[in-house]
Amino acid sequence: MKIYREFVLILPFPWYNYNHSMVKRILYSILVVTGLCLVTAGVISYGRGYRFDFKQKTISPTGILSVASYPEGASILVDGKLLSASNASLSLDPNWYDVKVEKTGYQSWNKRVKIQGEVVTKVDALLLPTSPSLRALTVTGVTSPTLSPSTTRLAYIVPEEESTSSANLPPRRGVWIMDLRNSALGGNPQPRQVYLSPEGLDLSGGEILWSPDEKQLLFLVKKLSGQKETVISALQISLDGGSIPVEVGRIYPTIISQWETMRKEQEDILLTGIPITVAQTLKNGASTIHFSPDETKIFYQATGSATIERVIDPPLIGSNSTEETRTLTPKNYYIYDVKEEKNFALTDGKSFPNPSSLFWYTDSKHIVMIEKDTISIIDYDGLNKRAVFQGSFENGYVFPWSSGGKLVILTRLTKSSPFPTLYEIDLR
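In this text, residue positions in the sequence shown follow our numbering: the first is 32, and each later residue adds one.
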């Protein structure tokens, strides 16, 4: 018994102290790991939009409204309440909200947006100035401006009447090209002459055609005899700078046909990147197919009744909440969003009988609309149509500035001017 007592009294104490310290360390480690897990779970839940509702005393999911505007620093109003300034991310309960983005000196932007729990809904608001500035791009009058397929260059004709009369300066008559991109120093690049026409040649009926690869121009000089228009000269102009223009009067129809084939092949290649059923519908029931500059959306005009088959069902969460139109009406215009697999009605064919009156703005999110004495920009989903220019301009001669933030128009600021001039509309 004595031995047992000694064993109990002597041996357990070191053993007991050792295990007590170990237990404390284990418990401490468990508490730390548990705390880290709780903090991590809280951060993840917060990032996913979960918030504590003090009224209901529950944790409920919220959605994130991410608002970006150009320019930045605009007021963000949700259901009429000022919540923040762009760019910003706002936590909102799942619901429908009226979002308004406004800035002094700019036209406001409005949209009804659906917020879903644990989902980030993005909003990009292009704010257009109420009084955009106007600046001349050319010092002479021009005719027949023609945009390149990539929308980065503009070819135009300077008629002989606008040619330089001074012996110290080279004559300006002929064909010119202007880059629609800002120079390295931020200014506008200088146009360059690619063809000097013979003195005395009437260029008033001239027409310019671009090759699909933008390496050549076809310059057609036409003459009107009564009701008949005749091509009296057809020049193929190489843009490499080292070749002399070649007269192709006899074969220019063949060249045009070859270029059209090349253009169609390029379009077919782009269509292979979208769902087969949608591509087939567009090939059979649409015309005037134009991809956006970033190739993520398609602008087209329906030629017959059809239905755009849904490929992604249900729709992607957080995608554009504007109501779709997947049943096509002949002659109406639509936008198909390749990334979100959505189809939006843009406008009707009666309002815009000429498809060339509608074209992509450079940001791939808006369409430029040309009406009589009015130029407007509308969101690709058919919302927020706003006028950016109201006044006299040559209808059909409106072009996007490739670097963004501008449009180019052909207009006369004075009625006494014999020929119109190219001007830029600054939308920044």
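Every residue gets a Cβ at the ideal spot worked out from N, C-alpha and C, and that includes glycine.
Is the separation between the beta-carbon of residue i and that of residue j shorter than 9 Å?
i	j	result
valine 154	valine 64	no
glutamate 191	glycine 231	yes
serine 122	isoleucine 107	no
isoleucine 146	proline 125	yes
valine 419	isoleucine 366	no
leucine 211	leucine 185	yes
isoleucine 275	leucine 249	no
isoleucine 409	leucine 458	no
proline 451	leucine 441	yes
tryptophan 391	isoleucine 401	no
threonine 161	glutamate 193	no
proline 222	tryptophan 207	yes
proline 243	methionine 293	yes
glycine 280	isoleucine 263	yes
lysine 370	leucine 157	no
tyrosine 283	isoleucine 239	no
glutamine 247	leucine 270	yes
In the structure shown, what three-state DSSP assignment does residue i receive?
i	result
tyrosine 59	helix
phenylalanine 44	Unreliable positioning characterises phenylalanine 44 in this predicted model, as indicated by a pLDDT of 48, which lies under 50. The coordinate reading is nonetheless provided below. In the structure shown, phenylalanine 44 sits in a helix (DSSP, three-state: H, G or I).
glutamate 402	strand
proline 386	helix
isoleucine 440	strand
valine 54	helix
proline 21	Here the chain comprises residues numbered 32 to 459, so residue 21 is not present and cannot be evaluated.
arginine 7	The structure shown does not extend to residue 7, since the chain is modelled only from 32 through 459, so no value can be given for it.
glutamine 258	coil
leucine 67	helix
aspartate 394	coil
alanine 105	coil
serine 164	strand
lysine 416	coil
aspartate 244	coil
leucine 234	coil
lysine 314	helix
threonine 452	strand
glutamate 278	strand
serine 288	helix
valine 309	helix
leucine 270	coil
tyrosine 283	helix
leucine 347	coil
isoleucine 339	coil
serine 299	Position check: residue 299 holds aspartate in this sequence, whereas serine was assumed. Aspartate 299 falls in the helix class under three-state DSSP.
Report all residues from its chain with a CB closer than 8 Å to the CB of residue i; omit the five preceding and five following residues, and keep chain order.
i	result
glycine 236	Val252, Lys253, Lys254, Leu255 and Glu260
threonine 356	Tyr365, Asn374, Phe375 and Ala376
proline 163	Val419, Phe420, Ile456, Asp457 and Leu458
glutamine 138	Leu158, Leu159, Pro160, Thr161 and Arg417
tryptophan 46	Bear in mind that the predicted position of tryptophan 46 carries a pLDDT of just 49, short of 50, making it too unreliable to give a figure here.
glutamine 297	Pro243
Note down, in chain order, each residue of its chain lying with its Cβ closer than 6 Å to the Cβ of residue i, except the 5 sequence neighbours on either side.
i	result
asparagine 141	Lys131
serine 318	Gln332 and Thr334
serine 434	Arg212 and Asn213
aspartate 129	Asp110 and Arg143
threonine 169	Thr452 and Leu453
valine 277	Gln267
glycine 436	Leu458 and Arg459
Tell me residue i's beta-bridge partners as DSSP assigns them.
i	result
lysine 362	Paired residue(s): none; lysine 362 is not in a bridge.
asparagine 374	Tyr367
tryptophan 140	Val132
leucine 146	In the sequence under discussion, the amino acid at residue 146 is isoleucine, which differs from the leucine named in the question. DSSP output for isoleucine 146 lists Asn126 as bridge partner(s).
valine 154	Val98
tryptophan 207	Tyr187 and Gln224
valine 429	Ile440
leucine 113	Leu108
isoleucine 320	BP columns for isoleucine 320 are empty, so no partner.
CB-CB under 7 Å to residue i, same chain, minus the five flanking residues each way: which ones, in chain order?
i	result
proline 386	Thr319 and Gln332
leucine 301	Phe322 and Glu326
aspartate 460	Residue 460 lies beyond the range of the chain shown here (32 to 459); nothing can be said about it.
valine 151	Ile95, Ser97 and Gly349
serine 352	Val144 and Lys145
glycine 422	Asp404
isoleucine 305	Val369
glycine 316	Ala333, Thr334, Gly335, Ala337 and Leu359
serine 447	none
glutamate 103	Ser117 and Asn118
leucine 444	none
tyrosine 101	Leu157 and Leu158
ask   = Between the stretch 342 to 355 and the stretch 318 to 328, do at least 3 Cβ pairs fall closer than 8 Å?
value = no
query = Would you call the stretch 424 to 431 and the stretch 175 to 189 in contact, with 3 or more CB pairs under 8 Å?
reply = yes
request  = Evaluate the contact criterion for the stretch 407 to 414 versus the stretch 369 to 376: three or more CB pairs, one atom per stretch, below 8 Å.
outcome  = yes
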